[in-house]
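Notes for the one structure printed next.
There are 2 protein chains.
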Amino acid sequence: MKEIIIEIDFNSDEAIYMQLRNQIIMGIAVAEIQEGDSLPSVRKLSEKIGVNMHTVNKAYSVLKQEGFIKLDRRKGAVIAVSTDKLEALADMKKQLRLILARGCCRNITRNEVHELVDEIFQEYQAE
Amino acid sequence: MKEIIIEIDFNSDEAIYMQLRNQIIMGIAVAEIQEGDSLPSVRKLSEKIGVNMHTVNKAYSVLKQEGFIKLDRRKGAVIAVSTDKLEALADMKKQLRLILARGCCRNITRNEVHELVDEIFQEYQAE
DNA sequence: GCATCTGTTATATGATTGGTGTAACAAATA
DNA sequence: TATTTGTTACACCAATCATATAACAGATGC
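So the protein lines, in turn, are chains C and G.
Using my numbering, the first residue of the first sequence is number 405, and each one after it goes up by one.
Using my numbering, the first residue of the second sequence is number 405, and each one after it goes up by one.
Here you go:
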């Protein structure tokens, strides 16, 4: 089991539990953590990164609600990604609409977005 | 000058001023509002959609800060999109990282993302 | 059995944010 | 002159974020 590297920016305007959630999702994407792996317990992780237990618990609850982990009393928080692709595609499209609108206003082209997508996918699909 | 259509969902967990900001950005992207057009005054718009003046003012301030409008005492809030493409590309990449990570976990492929991007660009680039 | 660790829940507190309300000011407009 | 504009300054209430302390039941290790 690998060690998960979490970096919290306490000066960020982004909530700590959201930073946690996002970094864990990206950790799954780059296969730093894999299906079936366990995350540290809320108490261990909270102590490690210097935040309150409830803050970590909230991040885990969101991840559970969004279908990235399952909470097991025996194994703790286990990576278990739901595979509802249709819902995931719908979610992604909704989020892309705003981001692409912002880019479109700045004259970012369709091809430039495609290039960005390819660059990021290269980071993620590296096994 | 066209009438801008704003729909606020008061039951949404998204802040009203953010809904406003996002809808105005998307309005610019679909060319519903164009460079040089004026947005309604903060008081007019607040009355129209039934929110407080300060809420609209906050949305306009964010749009100004992000380089989508300029506030002029004569013409009000005028669409004036900054054209710092490099910064826009960097911003977009940062935001795409999280969204694509979420999709990558759900086994969404590179090509599926490209298709989504093309679909959305078709909505936006319609002149 | 016993101590420990787990997720979970409950309650409380302080700081920050979101939204509203009222009011006032200077500049621009009609 | 009267009105409208963006802007600013207060104040208020509700919700959220993060913290703190505490307790509970189930699982684990000795």
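Heads up, the beta-carbon is just placed ideally off N, CA and C, and yes, glycines get one too.
Values in this document were obtained by computation on a predicted structure and should not be read as measured data.
Unbroken alpha helix (DSSP H) run spanning residue i, endpoints
| i | result |
| --- | --- |
| C/K448 | 446-453 |
| C/A463 | 457-469 |
| C/I420 | 420-433 |
| C/D522 | 514-529 |
Chain C contact for residue i (CB, 7 Å cutoff)
| i | result |
| --- | --- |
| G/A505 | yes |
| G/R514 | yes |
| G/K468 | no |
| G/A492 | yes |
Member of the options whose CA lies at the smallest distance from the CA of residue i
| i | options | result |
| --- | --- | --- |
| C/E523 | G/M496, G/I453, G/R510, G/S465 | G/M496 |
| C/A419 | C/Y528, C/N511, C/V460, C/R447 | C/V460 |
| C/F525 | G/G507, G/I432, G/P444, G/D441 | G/G507 |
| G/V485 | G/Y421, G/A433, G/K498, G/D413 | G/A433 |
| G/F472 | C/E407, C/Y528, C/C509, C/A463 | C/C509 |
| C/K448 | C/E436, C/E407, C/D413, C/A435 | C/E407 |
| C/A492 | G/K479, G/V482, G/V517 | G/V517 |
Where residue i meets chain C, residues with beta-carbon distance less than 8 Å
| i | result |
| --- | --- |
| G/L502 | N426, I429, M430 |
| G/Q499 | I503 |
| G/N511 | T487, K489 |
Residues that residue i contacts on chain G, provided the C-beta gap is smaller than 7 Å
| i | result |
| --- | --- |
| C/D417 | Ordered by position in chain G, no residue passes the 7 Å Cβ test against C/D417, which lies about 12 Å from the chain. |
Presumed contact (8 Å Cβ cut-off) between residue i and residue j, rounded CB distance
| i | j | result |
| --- | --- | --- |
| G/A505 | C/M430 | 5 Å |
| C/R514 | C/A463 | Not really, about 35 Å apart at Cβ, beyond 8 Å. |
| C/L467 | C/I428 | 6 Å |
| C/I483 | C/G440 | 6 Å |
Below-7 Å beta-carbon distance, residue i vs any chain G residue
| i | result |
| --- | --- |
| C/V482 | no |
| C/E519 | no |
| C/Y421 | no |
| C/I524 | yes |
| C/T459 | no |
| C/A433 | yes |
| C/E531 | Unreliable positioning characterises C/E531 in this predicted model, as indicated by a pLDDT of 47, which lies under 50. The coordinate reading is nonetheless provided below. Judged by the 7 Å Cβ criterion, C/E531 is not in contact with chain G. |
Proximal chain C residues relative to residue i, where beta-carbon distance stays under 7 Å
| i | result |
| --- | --- |
| G/Y464 | Ordered by position in chain C, no residue passes the 7 Å Cβ test against G/Y464, which lies about 16 Å from the chain. |
Unbroken beta strand (DSSP E) run spanning residue i, endpoints
| i | result |
| --- | --- |
| G/G480 | 480-483 |
| C/D441 | It is not in any beta strand (DSSP E) - C/D441 carries neither H nor E in the DSSP assignment. |
Listed by chain order, chain C residues near residue i by CB distance under 9 Å
| i | result |
| --- | --- |
| G/F414 | Near G/F414 there are no residues of chain C at all, since even the closest Cβ is about 19 Å away, more than 9 Å. |
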